[in-house]
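To convert, note that position 13 of the sequence shown is 689 in the numbering used here; the numbers rise steadily by one, no gaps.
Backbone N, C-alpha and C fix where the C-beta goes; we use that ideal spot for every residue, glycine too.
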Amino acid sequence: MLAQAADLQQLFLEHVLVPFTTVEVDLPALAAAGSRLVPVAGIDSRGQLAHRAASALATGLGQALVEFPGGHLGPVERPTQVAHALRALLAAG
Numbered sequence: 677m678l679a680q681a682a683d684l685q686q687l688f689l690e691h692v693l694v695p696f697t698t699v700e701v702d703l704p705a706l707a708a709a710g711s712r713l714v715p716v717a718g719i720d721s722r723g724q725l726a727h728r729a730a731s732a733l734a735t736g737l738g739q740a741l742v743e744f745p746g747g748h749l750g751p752v753e754r755p756t757q758v759a760h761a762l763r764a765l766l767a768a769g
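So, in structure tokens, the structure goes:
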């Protein structure tokens, strides 16, 4: 089991974490989307990598970060709450 976990860790590092943390975002291209692009993060993931990335994107776009219920896996952890938050966000836009 430990060998399998080590294999998964290597896969995660090579194919998820490194690309996620080294990508250079084309902010002007994203800004061209205007209000159709809304940076969102799970409130329970404050301080974690995914939340920090969404926050940095919001700052780079000059937008407020919208926080949804749950953490990084909010739609899985709290599907009904996230659905309500998404519905409200879309209705406001």
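Measure the beta-carbon distance from residue i to residue j and round it to whole angstroms, keeping in mind my assumption that it falls under 8 Å.
i	j	result
Leu737	Pro715	7 Å
Ala729	Phe744	Rounded, the Cβ-Cβ distance is 15 Å, inconsistent with contact.
To which residues does DSSP link residue i through a beta bridge?
i	result
Val742	Val716
Have a look at residue i and residue j and give me their C-alpha separation to the nearest angstrom.
i	j	result
Ser731	Gly769	20 Å
Ala707	Leu687	32 Å
Gly718	Glu753	10 Å
Thr756	Asp683	34 Å
Given residue i, which residues of its chain have a CB within under 8 Å of its CB, disregarding the five upstream and five downstream residues?
i	result
Val701	Leu733, Gly736
With a CB to CB cut of under 7 Å and the five nearest residues on each side skipped, what residues in its chain are close to residue i?
i	result
Asp765	Looking at the sequence itself, residue 765 is Leu, so the reference to Asp does not match. The answer, listed in chain order, is Val714, Val742.
Going by beta carbon distance, what residues of the same chain come within less than 6 Å of residue i, once the five residues before and after it are set aside?
i	result
Pro751	Val758
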